[in-house]
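Peer 1: Position in the sequence shown (from 1) plus 77 gives the number in the working numbering.
Cβ atoms here follow ideal geometry from the backbone N, Cα and C, with glycine treated the same way.
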Amino acid sequence: MYTVGIITASDKGSRGEREDKSGVVIREIMEAKGYEVKCYRIIADEQHLLEEAMIQMADQDKVNLILTTGGTGFSLRDRTPEATITVCDRMAPGIPEAMRAYSLQITNRAMLSRAVAGIRNQTLIVNMPGSPKAVKESLECILEPLFHGIAILLGDTGECARK
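#1: Check for me: the alpha helix (DSSP H) holding M176 runs from which residue to which?
#2: Out of curiosity, what's the CA-to-CA distance linking S215 and K139?
#3: Of the choices D122, V101 and R104, whose alpha-carbon is the least far from that of R92?
#4: Helix, strand or coil for M131 per DSSP?
#5: For G171, is the classification buried or exposed, using 16 other Cβ atoms within 10 angstroms of its Cβ as the cut-off for buried?
#6: Report the residue from K115, I84 and E221 whose alpha carbon sits nearest the alpha carbon of P206.
#7: Identify which residue in V114, R118, I120 and L144 has its Cα closest to the Cα of I196.
#8: Looking at C-beta atoms only, is the number of pairs between the segment 108-115 and the segment 147-157 that lie closer than 8 Å three or more?
#9: Going by C-alpha distance, which of R156, P173 and L230 is nearest E217?
#10: Are the CB atoms of N204 and A192 within a distance shorter than 8 Å?
#11: G207 by DSSP, collapsed to three states: which one?
#12: Taking just the CA atoms, how far does A194 sit from A169?
#13: By Cβ distance below 7 Å, which residues in the same chain neighbour A160 in space, the five residues on each side in sequence not counted?
#14: Expressed to the nearest angstrom, what Euclidean distance is found between the alpha-carbon atoms of P209 and R104?
#15: Would you kindly check if the distance between the Cβ of G100 and the Cβ of M78 is under 8 Å?
#16: By Cβ distance below 7 Å, which residues in the same chain neighbour D97 in space, the five residues on each side in sequence not counted?
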């Protein structure tokens, strides 16, 4: 099965002042779907720290998928999309477009998400919302196509044919 890295972007979470509920939701859902969570980090909302964590997980840890949570809103500290764009070789705009379209059926605030998705080498990186509820809803929308996309990215044509 495929491997996952989880990055939570949160100043308070990185200082231990807030429990990371969204990262826990991602872990639970991904493990229930058979993915191996290989890395999990809570990072302050600093672009260079987020970039370093993504590069580490993609290049050294060689995870197939990085899911970030938080840092995709309008706050001055929200820099996750910028970090993702910086480290990716190619963008995958359909993934966050699908998440926003799905979420807009639930709340009109979904239009405020600046989430992006892209590819670094053979790792897909997807920005998720910061709230546990929105993370769950977004994963419901994208999980099946993500599996297929990762298989294609890795050249796993046998997996593509099975799904």
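Peer 2: Reading from the atomic positions:
#1: G171 to L181
#2: 24 Å
#3: Ranked by Cα distance from R92, the options D122, V101 and R104 are led by D122.
#4: helix
#5: exposed
#6: I84
#7: L144
#8: no
#9: P173
#10: yes
#11: coil
#12: 5 Å
#13: Q124, L127, E128 and M131
#14: 11 Å
#15: No, the Cβ-Cβ distance between M78 and G100 is not below 8 Å.
#16: T85, S87, G90 and I119
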